[in-house]
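Peer 1: Chains as they are written, first to last, in the numbering used here: chain U, 1 to 106; chain C, 1 to 318. Even for Gly, the Cβ is constructed at its ideal location relative to N, Cα and C.
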Amino acid sequence: MILGVVIGRALFADPDFGRLLEKLSFQYDGFVVLTKLAELTDTSKFALSLGIFFIVAEAVFQKCKYFNRRNYKFYRIPIIQLILLIITLAVVRDSSGVDYAVYGQR
Amino acid sequence: MPSMVNVNRFINTAVIPIVILAYGVFLLIDHAHNRAFELAVTRSIQRDYIQTDPTSAEHIQNVQKIGSIKGLVFGGSNAAYSLSARFLSYYTGMKWYNASLNAELGNIKRHKNFIQDLSAEIDRTTVRYVVYSSYIPYEKKVAAFESSANRGITIKPEVSILGYIRYYHFPSSDQGDRFADKNKRDRFGDKIFENYCRFTADDLSHQRENVDISAEFLADYAIFFASLFPNASILIVLPSEYYGALSFDDSIFEQTLRTKFYSILNARYFKDANMKIIFQPPYTSIKQLCDEQYHANEDGRLWRTRNLIEFMREAVVR
């Protein structure tokens with residue numbers, strides 16, 4: 001069961017088999033990763049920043065009443081949902097998020 | 001708090017649906033805008049390719065100066081980066097010119113208009129070789145390349161809302177200047193590399209278009225070239241790519257595409273002898289690449305051009 005979950009998560013991490021193998025090879029690039037990040041598109045950088053912000057906000061504002069014992073439920077508050085919806089609709093375009101699994105990006 | 005509950009209910013029942021509705025209206029506007037643009041391009045009989053890529057005008061001026069040309073290279077950026085008319089001239093002892101353009105000008109009609117206008121500047125009957133190197137069968141985009149308006153309405157716009165806002169507020173972006181350095185060509189039409197190559201191989205892909213669509217697309221180009229250059233051997237070239245440590249068996253794709261390509265030509269009464277399809281092998285080292293998996297640097301260009309010459313010797317018997 002546990003092994004199944006682990007293998008399942010690995011398999012569903014990417015819909016492209018070649019890219020999945022590349023990810024699973026866990027290449028360490030050191031500081032080259034900074035160059036790679038700088039070469040990302042503006043949309044990718046923005047999405048990455050937003051994701052990091054979500055996680056960091058949970059830690060930084062853990063004593064705040066909106067975050068306290070709510071485990072990401074802060075983002076279910078209607079006004080926050082509205083803001084996220086507007087941000088998403090403002091930046092989404094045809095070539096964005098074409099072939100990346102949603103499951104793997106949770 | 002009753003007021004907070006009311007605000008939340010208002011957002012859920014009114015504001016969010018209005019935002020989604022407004023987005024739907026935006027999608028319709030975006031689709032209509034793209035369709036109008038595509039129709040304008042399709043109907044255009046003007047030389048709009050010069051606005052699309054000023055290098056096209058440069059090519060036409062260059063061939064006027066050169067005069068008698070025996071070999072021409074057409075295609076997209078794969079040919080611009082990775083094939084050299086200078087090397088081809090050196091190895092074959094004939095004058096070649098590289099008239100490739102980034103993304104093949106993004107539209108078949110526009111690209112063919114350019115080729116027709118360029119061919120009008122030289123003696124077409126003396127051209128002995130035409131190389132057409134296209135990456136399009138290696139992307140699942142042939143139909144999209146033909147007309148992006150055919151894709152219909154989807155839930156994602158061609159350009160994002162922020163993209164539109166940025167375009168209307170800053171129409172003179174520095175995109176052109178940023179790419180100007182990469183578009184410098186020499187008198188053979190070859191790209192001049194100026195230390196901008198930096199390939200990280202972090203986004204490798206292996207795609208193949210539907211084989212029927214690819215065969216139809218390539219045969220159509222072959223017939224177009226044969227009608228323009230009656231005495232030339234037409235070489236349709238599928239370019240080299242870099243796949244890193246991954247390897248793919250493309251033999252079935254290549255065999256099927258080759259068979260269908262020739263059967264389309266035969267069905268249209270074109271002789272096989274003057275038209276060949278060539279599949280170039282993958283790049284063997286990351287050191288041969290410039291900035292994309294199908295863009296060679298100077299070393300890769302030399303390697304791919306030499307490889308093409310070997311194929312030409314085998315394929316063309318004159």
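#1: Would you say residue 75 (chain C) and residue 119 (chain C) are within 8 Å of each other, going by their C-beta atoms?
#2: From which residue to which residue does the beta strand (DSSP E) around residue 279 (chain C) run?
#3: Determine whether the beta carbon atoms of residue 91 (chain U) and residue 41 (chain U) lie at a separation below 8 Å.
#4: Hey, quick one: how far does the beta strand (DSSP E) through residue 292 (chain C) stretch, first residue to last?
#5: Please compile the residues from chain U whose C-beta is within a distance smaller than 7 Å of the C-beta of residue 15 (chain C).
#6: What do you reckon, are the CB atoms on residue 127 (chain C) and residue 73 (chain C) nearer than 8 Å?
#7: Could you list the residues in the stretch 29–48 of chain U with a C-beta less than 8 Å from some C-beta on chain C, going in chain order?
#8: Pair every Cβ in the stretch 69–88 of chain U with every Cβ in the stretch 6–21 of chain C, then say whether three or more of these pairs are closer than 8 Å.
#9: Determine which residues share a DSSP beta bridge with residue 82 (chain C) and list them.
#10: Can you tell me whether DSSP reads residue 260 (chain C) as helix, strand or coil?
#11: If you count every other CB in all the chains shown that lies within 10 Å of the CB of residue 51 (chain U), and 16 or more means buried, which is it?
#12: I need the DSSP call for residue 73 (chain C), collapsed to helix, strand or coil.
#13: Check whether the stretch 88–102 of chain C and the stretch 194–203 of chain C are in contact - that is, three or more C-beta pairs closer than 8 Å.
#14: Find the nearest neighbour of residue 93 (chain U) within the set C:89, C:188 and C:23, judged by alpha-carbon distance.
#15: Determine the chain C residues that contact residue 93 (chain U) at a beta-carbon separation under 8 Å, and present them in chain order.
#16: In chain order, what residues of the same chain have a beta carbon less than 7 Å from the beta carbon of residue 227 (chain C), not counting five sequence neighbours either side?
#17: Look at the alpha carbon of residue 174 (chain C) and the alpha carbon of residue 7 (chain C), and state the distance between them as a whole number of angstroms.
#18: So, with DSSP's three-state summary, where would you put residue 48 (chain U)?
#19: Cβ closer than 7 Å: which chain U residues qualify as neighbours of residue 23 (chain C)?
#20: If we count the other Cβ atoms within 10 Å of its Cβ and call it buried at 16 or more, is residue 75 (chain U) buried or exposed?
#21: Assign residue 9 (chain C) to one of three DSSP states: helix, strand, or coil.
#22: Tell me, which residues are paired with residue 205 (chain C) by DSSP?
#23: If you pair each beta-carbon of the stretch 292–303 of chain C with each one of the stretch 254–263 of chain C, do three or more pairs fall below 8 Å?
#24: Considering just the uninterrupted stretch of the beta strand (DSSP E) at residue 235 (chain C), what are its terminal residues?
#25: Any C-beta of chain C sitting closer than 8 Å to the C-beta of residue 85 (chain U)?
#26: Using the C-alpha atoms, what's the distance from residue 5 (chain C) back to residue 176 (chain C)?
#27: Classify residue 88 (chain U) as helix, strand or coil using the three-state DSSP reduction.
#28: Alpha carbons only, please: which of C:274, C:78, C:246 and C:277 is nearest the one belonging to residue 22 (chain U)?
#29: Kindly confirm or deny that the stretch 49–67 of chain C and the stretch 181–194 of chain C touch, where touching means at least three C-beta pairs closer than 8 Å.
#30: Kindly say whether residue 29 (chain C), judged by its beta-carbon, lies nearer than 8 Å to any beta-carbon of chain U.
#31: With burial defined as no fewer than 16 other Cβ atoms inside 10 Å of the residue's Cβ, what is the status of residue 136 (chain C): buried or exposed?
#32: Determine, using beta-carbon pairs with one atom in the stretch 107–115 of chain C and one in the stretch 85–93 of chain C, whether at least three such pairs fall under 8 Å.
#33: Can you pull out the residues from the stretch 199–214 of chain C whose beta carbon lies closer than 8 Å to at least one beta carbon of chain U?
#34: Answer with buried or exposed for residue 28 (chain C), where buried requires no fewer than 16 other C-beta atoms within 10 angstroms of its C-beta.
#35: Between which two residues does the alpha helix (DSSP H) harbouring residue 113 (chain C) extend?
#36: Using the C-alpha atoms, what's the distance from residue 285 (chain C) back to residue 194 (chain C)?
Peer 2: In brief:
#1: no
#2: 275–279
#3: no
#4: 289–292
#5: 82
#6: no
#7: 32, 35, 36, 39 and 43
#8: yes
#9: Looking at the DSSP assignment, residue 82 (chain C) forms no beta bridge with any residue, so it has no partner.
#10: helix
#11: exposed
#12: strand
#13: no
#14: C:23
#15: 156, 157, 158, 159, 160 and 163
#16: none
#17: Model confidence at residue 174 (chain C) stands at a pLDDT of 45, short of 50, so the residue's coordinates are unreliable and nothing is read from them.
#18: helix
#19: 89
#20: exposed
#21: helix
#22: The partner list for residue 205 (chain C) (beta bridge, DSSP) is empty, contrary to what the question assumes.
#23: no
#24: 233–238
#25: yes
#26: Unreliable placement is indicated for residue 176 (chain C), whose pLDDT of 46 sits below 50; no coordinate value is reported for it.
#27: helix
#28: C:246
#29: yes
#30: no
#31: buried
#32: no
#33: 200, 202, 204, 205 and 206
#34: exposed
#35: 108–119
#36: 20 Å
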